[in-house]
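Undergrad: First to last, the sequence lines map onto chains A and B. If you want this note's numbering, it's the 1-based position in the first sequence plus 11. If you want this note's numbering, it's the 1-based position in the second sequence plus 11. Okay, here's the structure, questions in a sec.
2 protein chains.
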Amino acid sequence: MARWIDGCQYNDTMPEDPDDGCHPGPTGGLPPERADSLAATFAALGDPVRLRIYSLILAGGEICSCHLEGPVGKSQPTISHHTSKLAEAGLIVGEKRGRWTWWRAAPGRLPESLAALGLPRATGR
Amino acid sequence: MARWIDGCQYNDTMPEDPDDGCHPGPTGGLPPERADSLAATFAALGDPVRLRIYSLILAGGEICSCHLEGPVGKSQPTISHHTSKLAEAGLIVGEKRGRWTWWRAAPGRLPESLAALGLPRATGR
DNA sequence: CAGTGACATCGATATTGGTCAATGTGAAGC
DNA sequence: GCTTCACATTGACCAATATCGATGTCACTG
Chain A
12 MARWIDGCQY NDTMPEDPDD GCHPGPTGGL PPERADSLAA TFAALGDPVR LRIYSLILAG
72 GEICSCHLEG PVGKSQPTIS HHTSKLAEAG LIVGEKRGRW TWWRAAPGRL PESLAALGLP
132 RATGR
Chain B
12 MARWIDGCQY NDTMPEDPDD GCHPGPTGGL PPERADSLAA TFAALGDPVR LRIYSLILAG
72 GEICSCHLEG PVGKSQPTIS HHTSKLAEAG LIVGEKRGRW TWWRAAPGRL PESLAALGLP
132 RATGR
């Protein structure tokens, strides 16, 4: 009925006690300051408008701010606001050429963040 | 001085015009409703407290809510609020056993989201 | 050098969201 | 059945932020 593993009793009818000494409690996990910086990266992608902008940049390789307003359907100041946020998060980099600002994806930024999370494995394919 | 590629002029001194016909404009990118759902997933990880909780769950495999308050340093309602958000985003799943709720990571949820983004390549090693 | 176009910044507003005290709910234990 | 415990829910408060009109800045154009 009761199974014993490593000195800990496991019973099918009784729920185990988190504090029975058999559950070591939380270990590992991200240190607070690391969590802050990582969360900022994810928060930058946590807005639908920014996510669309980012995906358009990923798809196009390089794109001008003036080509974002239309597809995204937001005003110019709003687009500017969101590109700034993405750049601040280190996800994209901008280059001013003449009157236009061209945006590219910062290579490796997102994979780095995911690796820091200690995910078992990222996408196959 | 001027280079011609595919019928488009590229000049080192003059910045190119986004609307010269050589830049096709934005193509692809996430459809709005897909962006909404994806952004929700990222937004769930966009808070330092939730990110710490999620990383603790990833590290521990399974963890009780009562073991989160301490390391995270937030009140019980706040912890409950954040675990709800993570569960709502489909990143973790909870199981009630007796008085305690045990949380596990929903396998594959995050990689799916990243694949939808069409990232060039996920983390190497 | 005056005009125009692209983008950034500012100011204001409305909404969202994180936090906690207080309270509710449901399961164990006596 | 009463008490206790773990967790969820509610309500309120405050901070952060998404949005846009108005304005500023800077590069090119004529």
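The C-beta atom is built at its ideal place from N, Cα and C for all residues, glycine as well. None of the values given here were measured: they were computed from a predicted structure.
For the candidate residues B/Glu73, B/Ala127, B/Glu27 and B/Trp114, whose alpha-carbon lies nearest to that of histidine 93 of chain B?
TA: Position 82 of the second sequence, counting from 1, holds the residue named residue 93 of chain B. When only C-alpha atoms are compared, the closest one is B/Trp114.
Undergrad: Given a limit of 7 angstroms on CB to CB distance, which residues of the stretch 47-60 of chain B reach chain A?
TA: Asp47, Leu49, Ala50, Phe53, Ala54, Leu56, Gly57, Asp58 and Pro59
Undergrad: Is it buried or exposed for aspartate 58 of chain B, if we count other Cβ within 10 angstroms and need 16 for buried?
TA: Taking the second sequence and counting its residues from 1, one reaches residue 58 of chain B at position 47. Aspartate 58 of chain B is classed as buried because its beta carbon has at least 16 other beta carbons within 10 Å across all chains shown.
Undergrad: Under a CB-based cut-off of 7 angstroms, is histidine 78 of chain B close to chain A?
TA: Looking up residue 78 of chain B in the second sequence gives position 67. Closer than 7 angstroms: yes.
Undergrad: Confirm, please, whether the CB-CB distance from arginine 61 of chain A to leucine 97 of chain A is below 7 angstroms.
TA: As a working note, residue 97 of chain A is residue 86 in the first sequence. As a working note, residue 61 of chain A is residue 50 in the first sequence. It is a contact, given that the beta carbons lie within the stated cut-off.
Undergrad: Does the contact criterion of 3 or more C-beta pairs under 8 angstroms hold for the stretch 74-82 of chain B versus the stretch 68-84 of chain A?
TA: no
Undergrad: Does chain A have any CB closer than 7 angstroms to the CB of glycine 97 of chain B?
TA: Counting from one through the second sequence, the residue named residue 97 of chain B turns up at place 86. Residue 97 of chain B is actually leucine in this sequence, not glycine. With 7 angstroms as the cut-off, leucine 97 of chain B does not count as an interface residue toward chain A.
Undergrad: For threonine 52 of chain A, count the other beta carbons within 10 Å of its own beta carbon; 16 or more makes it buried, fewer makes it exposed. Which is it?
TA: Residue numbering aside, residue 52 of chain A sits at position 41 when the first sequence is read from its first letter. If you draw a 10 Å sphere on the C-beta of threonine 52 of chain A, you find 16 or more other C-beta atoms in it, and that means buried.
Undergrad: Among residues of its own chain, excluding the 5 on either side of arginine 63 of chain B, which ones have a beta-carbon nearer than 7 angstroms to its beta-carbon?
TA: Against the second sequence, residue 63 of chain B aligns to sequence position 52. Excluding sequence neighbours, arginine 63 of chain B sits near Val83.
Undergrad: Please give me, in chain order, every unbroken run of the alpha helix (DSSP H) with length at least 4 that falls completely inside the stretch 30-60 of chain B.
TA: 43-55
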